[in-house]
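Letter 37 of the sequence shown, counting from 1, is numbered 18 in the working numbering, and no numbers are missing. Here a beta-carbon is modelled for each residue, glycine too, at the ideal position from N, C-alpha and C. Input: a single structure, listed below in structure tokens.
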Amino acid sequence: MDNLLNRINQLAHKSKTQGLTEDEKLEQIRLRQEYIKGFRASFKDTLMNVKVVDPMGNDVTPEKLIKEQNKKKN
């Protein structure tokens, strides 16, 4: 993931300073999509392990999240 982000940043810098070739523009789009896909997967995985607790210690995890967590367990 770090290599992916480094290359995205290189292309962004080059885009601002020199401009990109068509191949580089396509590479930039592909890399950004790949990065976003990985980010979303990681974020979803994190959410599937979240439990929301109020100051009194009561579980107030939203029902929708609980249902999704139960789907993943089964």
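In the DSSP assignment, Gly19 falls within the unbroken alpha helix (DSSP H) covering 3 to 28. According to the DSSP assignment, Lys(-5) belongs to the alpha helix (DSSP H) that extends over -17 to -2. Going by DSSP, Lys52 is part of the alpha helix (DSSP H) stretching over 44 to 54.
Annotated three-state conformation of Val34 is strand, per DSSP.
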